[in-house]
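Structure first, then comments.
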Amino acid sequence: MGTETAGRIVHSAAFFDLDNTLVQGASLFHLARGLTAHGMVTKREIAGHAMRQVRFRVFGEQSGLLDDVQEHALDFVKGHEVARMEKICEAVFDDYLADKIWPGTRALSEAHLLNGKEVWLVTAAPIELAQVIARQLGLTGALATRPEAVDGVYTGRIAGPLLHGPDKAREVARLARERALDLAHCYAYSDSANDLPLLSLVGHPVAVNPDRALRRHARHHDWAVVDYRTTRRAGVGLPVAGAAAAVGAVAAGAAAAAAHWSGDRD
């Protein structure tokens, strides 16, 4: 369904980031809780994954570390069945995420749907989790990082790009071409300056609960800003350079969650 502008039908959409935009906090933190609670991974596996991300965050996109992150980002699910991950993601939403949806952002997504727009979740989180969230919230669909699987079993690699930063914008541009969406009439919502490529792609960018860099950029360019936090934490959530932010921003937290919620003692 489209809207009529100057005698022509315009097809448009709204694109929502996930962490701190639609969901309070980091979805990967809660995914780690679910994976350990259901015995799919151990705290040691999560901790090893976390240390790789911490190393990247310290040294940045140097010495082939980005390639290492891309290659090993999902080592901890290697050998596990996709069907099991999908069931765990359902439980993660019910147990941890359902009550952490920002009501204001959800209201925005519902308003866009009522106005005939497509509404897409765009996130670096695994597609299995993103699709559950999109379905539960009645969204059109999700664009997300796709773990590689062969015969229904994860290889531990990523099939395509880690959907972060410029790759988010490229994926949205691809979708717009496929679905004949007019990006000048589209909306995008994010909390992070890492998503400036996505926000700059559309005609109506909105900063939601923005980090300091995004707030500054939004003010300079007269973008809309909404903040649902009761206490503004302007110094929290500063952008992390490079694609590792997508899987590493909560690495230490994920490891801590695994240690806290897992009964595993190895």
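Be aware that the sequence shown starts at 2, since it is given in this note's numbering, and climbs by one per residue.
Cβ coordinates follow ideal geometry from the N, Cα and C atoms, glycine included.
Remember, it's a predicted structure, so these values are computed and weren't measured experimentally.
ILE159: first and last residue of the uninterrupted beta strand (DSSP E) it sits in = Your numbering for residue 159 matches position 158 in the sequence shown. Element bounds for ILE159: 154-159.
VAL151 burial status per 10 Å Cβ neighbour count (16 or more: buried) = For the purposes of this step, residue 151 is identified with residue 150 of the sequence shown, where counting begins at 1. Classification of VAL151: exposed, given that the 10 Å Cβ count is below 16.
Through-space distance from VAL203 to SER13, alpha-carbon basis = Counted from its first residue, the sequence shown places residue 13 at position 12. Counted from its first residue, the sequence shown places residue 203 at position 202. Looking at the two C-alpha atoms, the distance is approximately 10 Å.
Would you mind working out which of HIS205, THR43 and ALA181 sits nearest TRP79, comparing C-alpha positions?
-> Along the sequence shown, read from residue 1 onward, the residue named residue 79 stands at position 78. One detail in the question is off: residue 79 reads as Lys in this sequence, not Trp. Measuring from the Cα of LYS79, the nearest candidate turns out to be THR43.
Can you tell which of ALA143, VAL173 and MET41 has the C-alpha that lies nearest to the C-alpha of ALA84?
-> For the purposes of this step, residue 84 is identified with residue 83 of the sequence shown, where counting begins at 1. Comparing Cα-Cα distances from ALA84 to each of ALA143, VAL173 and MET41, the minimum goes to MET41.
Contact belief for VAL24 with LEU98 at Cβ below 8 Å, rounded distance in angstroms | Here residue 24 refers to the residue found at position 23 when the sequence shown is read from its first residue. Here residue 98 refers to the residue found at position 97 when the sequence shown is read from its first residue. With 8 Å as the limit, VAL24 and LEU98 qualify as a contact, their Cβ atoms being about 6 Å apart.
Sub-8 Å separation of SER191 and ASP18 beta-carbons | Here the question's residue 191 lines up with position 190 in the sequence shown. Here the question's residue 18 lines up with position 17 in the sequence shown. Closer than 8 Å, so yes.
Among PHE77, THR22, PHE16 and VAL93, the one whose alpha carbon lies nearest that of HIS31 | Here residue 31 corresponds to residue number 30 of the sequence shown, with the count starting at 1. Among PHE77, THR22, PHE16 and VAL93, the Cα nearest to that of HIS31 is on VAL93.
Have a look at LEU176 and LYS118 and give me their C-alpha separation to the nearest angstrom.
-> To locate residue 176, count along the sequence shown from 1; it is residue 175. To locate residue 118, count along the sequence shown from 1; it is residue 117. Looking at the backbone, the Cα of LEU176 and that of LYS118 are separated by about 14 Å.
Segment limits, beta strand (DSSP E) that includes GLY35 | Position 34 of the sequence shown, counted from the first residue, corresponds to residue 35. Premise fails: GLY35 lies in the alpha helix (DSSP H), 28-38, not in any beta strand (DSSP E).
Which residues bound the beta strand (DSSP E) around LEU200?
-> What you label residue 200 is simply residue 199 of the sequence shown in a count that begins at 1. Counting along the chain, LEU200 falls outside any beta strand (DSSP E), though it belongs to the alpha helix (DSSP H) covering 197-200.
For LEU29, which option in MET86, LEU109, ALA126 and ILE89 has the closest C-alpha, if you only look at C-alpha atoms?
-> As a working mapping, residue 29 is identified with position 28 in the sequence shown. Of MET86, LEU109, ALA126 and ILE89, the residue nearest in Cα terms is ALA126.
Per DSSP, ALA189 forms a beta bridge with which residues?
-> Locating residue 189 in the sequence shown gives position 188, counting from the first residue. Paired residue(s): PHE16 and PRO206.
Own chain residues within Cβ distance below 6 Å of PHE16, not counting five before or after = Position 15 of the sequence shown holds residue 16. Correct list, in chain order: TRP121, VAL123, VAL173 and ALA189.
Who are the near neighbours of LEU184 in its chain, counting only those whose CB is closer than 7 Å to its CB and skipping five residues on each side?
-> Here residue 184 refers to the residue found at position 183 when the sequence shown is read from its first residue. So the qualifying residues of the chain are ALA177, LEU202, VAL203 and GLY204.
VAL133, DSSP secondary structure in three states | Sequence index remark: in the sequence shown, residue 133 carries index 132 (1-based). Helix at VAL133.
What is the DSSP secondary structure of GLY142, counted as helix, strand or coil?
-> On the sequence shown, residue 142 is found 141 positions in, with the first residue counted as 1. DSSP places GLY142 in strand when its eight states are reduced to three.
Three-state secondary structure (DSSP) of LEU215 = The count along the sequence shown starts at 1 and reaches residue 215 at position 214. DSSP places LEU215 in the helix class (H, G or I) of the three-state scheme.
Please name the residue or residues paired with GLU149 in a DSSP beta bridge.
-> Position 148 of the sequence shown holds residue 149. Per DSSP, none; premise fails for GLU149.
Which residues does DSSP pair with PRO127 in a beta bridge?
-> Position 126 of the sequence shown, counted from the start, is the residue given in the question as residue 127. Bridge partners of PRO127: THR146.
So which of THR22, GLY26 and HIS81 has the shortest CA-CA distance to LEU36?
-> Within the sequence shown, residue 36 is the residue found at index 35, counting from 1. Considering only alpha carbons, the answer is HIS81.
Excluding five sequence neighbours on each side, which residues of the same chain lie with their C-beta closer than 6 Å to the C-beta of ARG217?
-> As a first step, residue 217 must be located in the sequence shown, where it is residue number 216. Around ARG217: no qualifying Cβ.
Can you list, in chain order, the residues of its chain whose CB lies under 6 Å from that of THR141, leaving out five sequence neighbours each side?
-> Within the sequence shown, residue 141 is the residue found at index 140, counting from 1. Cβ neighbours of THR141 beyond the five flanking positions: GLU119, VAL120 and TRP121.
With a cut-off of 8 Å on the beta carbons, I'd call ALA160 and ARG147 a contact; round off their distance for me.
-> Counted from its first residue, the sequence shown places residue 160 at position 159. Counted from its first residue, the sequence shown places residue 147 at position 146. Indeed they touch by this definition, with Cβ atoms about 5 Å apart.
Looking at the unbroken beta strand (DSSP E) that takes in ALA194, where does it start and where does it end?
-> Here residue 194 corresponds to residue number 193 of the sequence shown, with the count starting at 1. No beta strand (DSSP E) contains ALA194, which DSSP labels as neither H nor E.
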